[in-house]
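Heads up, the thing below is written out as structure tokens.
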Amino acid sequence: MSKPSILVVGTGYVGLTCAACFANQGFKVTGLDIDEAKVDLLSSGTSPIFEPGLDELLTAGLESGLLEFTTSSEAASTADVVFLCLPTPPLPTGTPDISILRSAIVQYRESLKSGAAVVTKSTVPLGTSKDVAAWLDRDDVHLVSNPEFLREGSAIHDFLNPDRVVVGSLNHDAALVVQSLYDGLPGERILCDPLSAELIKYAANAFLATKLSFVNELARICDEVGGDVDAVTHGIGTDHRIADSFLTPGPGWGGSCFPKDVAGLAALARSSRLRVPVIESAVESNRDHFDHVITQIRKHVGKPLQGANVAMWGIAFKAGTDDTRSSPALDIAERLAAEQCQVRAADPVAKVDGNLFTQMDMYDACDAADLLVIATEWNEFRDADLAQVAARLGQPTILDLRGIISSEAAAEHGLTVHALGRPH
Ligand code: UGA
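Here it is, written out as structure tokens:
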């Protein structure tokens, strides 16, 4: 039997990763996007986003002829499986806006091949599968929910090495076709109904965000009463029921997914008049954590923030990406700027326009600074030349929000490192 042909609608972060990875797995894939300039760029083998390994897969896919990009909706008429990878940005209420999804379905519904599976891949609000089925209004086209669990910065790795593949559908045959697309890959297969599949995605992100809020609270407790958060997280992470990943305190969780999905889940509960204090508190705790970070900066600058000079390493919401959406680093910079504190920032990849801070080389940013704040865990910062940092800083103090600098190594250069929840 020939392999199913795939159409990916939307070549954003999720769509592009899926298209390149499915082509890598030997499927014939077409990426469809309304943005002509983007389609031209992709067709020339250039990725508009920074994601390790993506350029290589893109080039290989184009060269093999398995991957192509188009703006033409004709592609919808030949595909066996159509993945919808369209944005669902939050409305002011926190509820995701599904109007882009709706327009796409209305536009393509007539052209879809009989027997095709239409798959929601990007995170969609609970119950969207029902809406999609109603918009589709085609008995011969089957709806499947197949949520993604891709981390920015390691999306290719995560796609090719899934912990699990979740396939939710009311049509068993369509579910099996979608499941078969992952046949060469490891991980558990979870077949369920579409709403459960949608909820698994929200639950995973909300649980992980809650775990991080909890860990950041532990760091705050250690900052206040003593103790070493690394020892504490190691101590609890060895319990297999807790598990040892996602236990590193940081500047607070951010990015394009956690804040949106946790808010989305809370908004959904509110709209059903359901109390979900654990989920609501995860968000509140994260806000408190940003306050704690500013308190720490204030303490280690050691003078009024007004007129002080802070160097900040890291702008992206985490290492390995150029994404600055809901980046804790930007939140910190905004709060410092609001107090007329001068911020000079450096990031190996991310760029931000505007006058929140001046962006420059990581060592130049340290010149005469009252404090160096490390907001993102890039290896460039981990492997920094500490002698140069010491020579450039005005005050020899680092606030390492990611716990990546050895305080012993720094002390050899006369630098003091303060890290969240760790003794110094
Ligand atoms: C997250 C999920 O991890 C993916 O499984 C999911 O598919 C994706 O959202 C999505 O919904 O599309 P991502 O936002 O790329 O992926 O980033 P994560 O690596 O999960 O990090 C999220 C935030 O937690 C970042 O601010 C990061 O710095 C922070 N974090 C993570 C910590 O502070 N400590 C940790 O130990 C881990």
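Just so we're aligned: 1149 in this note's numbering is position 250 of the sequence shown, and the numbers increase by one with no gaps anywhere.
Think of the CB as a built atom: it goes at the ideal place given N, C-alpha and C, for glycine as much as any other residue.
Option nearest residue i by Cα separation, candidates the options
i     : options                    : result
L985  : V1018, L1080, G993         : V1018
S1044 : R1050, R1088, S1095        : S1095
A1003 : A1236, V907, G1153, S1180  : V907
V1065 : P1046, E1123, A1268        : P1046
D1187 : A1228, S1112, I1089        : S1112
V1248 : G960, M1261, A1310         : M1261
K1029 : E967, G1067, P1148         : G1067
R1140 : A1166, G1151, A1162, K1110 : K1110
T992  : L1011, C920, R1169         : R1169
Q1239 : S1021, A1264, A1207        : A1207
P1295 : H1317, K1012, T1194, E1279 : H1317
I997  : L940, G1163, E1233         : G1163
L957  : T994, T910, R1001          : T910
L983  : P951, T994, G930           : G930
Q924  : L1059, D1246, P1176, A978  : L1059
V1177 : F1106, G1136, S1021, D1138 : F1106
E1183 : V1200, A1108, L1167, I948  : A1108
K1159 : A1033, E1009, T994         : T994
Residue(s) in a DSSP beta bridge with residue i
i     : result
M1211 : A1244, V1272
G1067 : S1044, C1091
F968  : G930
V1316 : I1297
F982  : V907, V1018
Heavy atom of the ligand UGA within 8 Å of residue i beta-carbon
i     : result
D1160 : yes
A1103 : yes
F1189 : no
E1183 : no
S1155 : yes
V1242 : no
P1227 : yes
K927  : no
K1198 : no
E973  : no
Beta-carbon separation (whole angstroms), residue i vs residue j, contact threshold 8 Å
i     : j     : result
L1098 : L1025 : 6 Å
E1051 : D1222 : 6 Å
L1314 : I1297 : 6 Å
L1069 : D1039 : 14 Å between Cβ atoms; not a contact.
I1214 : V1251 : 6 Å
T916  : L940  : Incorrect: roughly 16 Å between the Cβ atoms, too far for contact.
Element boundaries [alpha helix (DSSP H), containing residue i]
i     : result
I1193 : 1176-1200
W1034 : 1027-1035
C917  : 912-923
I999  : 998-1007
Start-to-end residues for the beta strand (DSSP E) that takes in residue i
i     : result
R1298 : The sequence as given places Leu at residue 1298; Arg does not occur at that position. That run of the beta strand (DSSP E) goes 1296-1299.
T1019 : 1016-1019
Any C-beta of chain E under 9 Å from that of residue i
i    : result
A975 : Among the chains of the structure shown, chain E does not appear; only one protein chain is present.
Heavy atom of the ligand MG within 8 Å of residue i beta-carbon
i     : result
T1220 : This structure simply doesn't include the ligand MG; it includes the ligand UGA instead.
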